Structure formats: C-alpha cells, structure tokens
Amino acid sequence: MSINAVPAGRWFKRVLWLGIASNLALAIPTILAPARMLDFSSLPTATPLVWPQFAGLLLVLLSVFYMPAGIDLDRFRAVAWLAVGARLAGVVFFVIFQAAAYHTLGYFDLAFFVPELTLLTAATLRTAAAAEPKDAWR
Numbered sequence: 005m006s007i008n009a010v011p012a013g014r015w016f017k018r019v020l021w022l023g024i025a026s027n028l029a030l031a032i033p034t035i036l037a038p039a040r041m042l043d044f045s046s047l048p049t050a051t052p053l054v055w056p057q058f059a060g061l062l063l064v065l066l067s068v069f070y071m072p073a074g075i076d077l078d079r080f081r082a083v084a085w086l087a088v089g090a091r092l093a094g095v096v097f098f099v100i101f102q103a104a105a106y107h108t109l110g111y112f113d114l115a116f117f118v119p120e121l122t123l124l125t126a127a128t129l130r131t132a133a134a135a136e137p138k139d140a141w142r
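Residues in the sequence shown are numbered from 5 upward in steps of one, following my numbering.
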C-alpha cells in the first residue's frame with residue numbers, strides 16, 4: 005500500500021505544505037525588509053541586518069528541501085522524516101537554548117512538529133501493517 009494513499013499520509017502532505025507556505029510567509033518579508041519584520045515580530049534588533057536576511061534565506065532553502073516529501077511520500081519518505089526532525093530542532097533551539105524573546109519562533113515550529121510527527125507515524129504504521137503477510141489461521 006502506498007503511503008500517499010492512506011488518509012494520514014495525505015494529511016501529512018497537507019500540513020507539510022501549510023508549513024512550507026508559512027515559512028515562506030515569514031522568510032520572504034524578512035529578506036526584503038528585515039528591520040520592519042523584526043519590529044513587527046517584537047524581536048530584538050539585529051546588527052548587521054544581513055543576519056536576519058540570511059536566516060530568512062536559509063528558511064526559504066529549508067522549505068524548498070521539504071517539497072519533495074510534499075509531492076511523493078513513497079519516494080521521499082526519508083525527506084519527510086528529516087522535515088519532522090528539522091521542526092523538532094527548531095523547537096529545541098529556540099525554546100531551550102534562546103532567550104524568551106525568541107520562544108515564539110520555537111512555538112511556531114512546535115505547531116507543525118506535533119501534527120507532522122503524529123500523521124507521518126500513523127501513515128507509516130498503516131502502510132507497514134498493510135504490507136505484512138496475513139496469517140491464514142486468523
């Protein structure tokens with residue numbers, strides 16, 4: 005059975021694409037107007053502004069690397085798991101290792117990590133169960 009065909013797999017891809025769109029909605033304005041985005045987000049100012057712009061560029065690139073899993077989970081299942089792991093890394097980095105002013109960025113990743121982990125796990129377990137040979141004595 006294809007992981008793309010199970011409902012949890014389809015929902016995982018939807019949440020993944022929503023996360024990609026959300027990342028881009030934050031990253032592109034940060035690249036174009038970093039001072040305005042820092043002020044809008046109530047984040048501390050950064051000097052020089054090239055660093056928030058570079059972080060925005062990295063977020064765009066990270067989002068691009070998520071896209072193959074959003075297209076075909078069967079072919080790019082490892083990419084899907086890496087996307088989930090990247091969300092967890094964002095949570096840990098911003099919530100545990102940064103000052104409270106940056107925790108919102110970690111909670112942003114947490115909002116995608118929990119459903120992505122849940123859905124990908126459910127889809128993987130469902131396809132693994134469907135692939136198991138059936139016992140004739142049951």
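The C-beta atom is built at its ideal place from N, Cα and C for all residues, glycine as well. Only a predicted model underlies this, so the values are computations on that prediction, with no experimental measurement involved.
Exercise for the section: Measuring only between beta-carbons, confirm whether Ala-39 sits less than 9 Å from chain D. Expected result: Structure shown: chain D not included; a single protein chain is present.
Exercise for the section: Assign Lys-17 to one of two classes, buried (16 or more other C-beta atoms within 10 Å of its C-beta) or exposed (fewer than that). Expected result: Under this definition Lys-17 is a buried residue.
Problem - CA nearest to the CA of Tyr-70, picked from Ala-59, Ala-90, Leu-61, Trp-55 - result: Residue Ala-90 is the option with its Cα nearest to Tyr-70.
Handout entry: Where Pro-72 falls: helix, strand or coil (DSSP)
Key = If DSSP states are grouped into helix, strand and coil, Pro-72 belongs with the helices.
Handout entry: Pair within 9 Å by beta-carbon distance, Leu-124 and Gly-13
Key = Yes, these two residues count as a Cβ contact at 9 Å.
Exercise for the section: Compute the distance between the beta-carbons of Thr-49 and Ala-39, then report whether it is under 9 Å. Expected result: Yes; because the gap between Cβ atoms is below 9 Å, this pair is in contact.
Practice task
Assuming Leu-20 and Ala-87 form a contact by the criterion Cβ under 8 Å, report the distance between their Cβ atoms to the nearest whole angstrom.
Solution key: About 6 Å separates the two Cβ atoms, so the contact holds.
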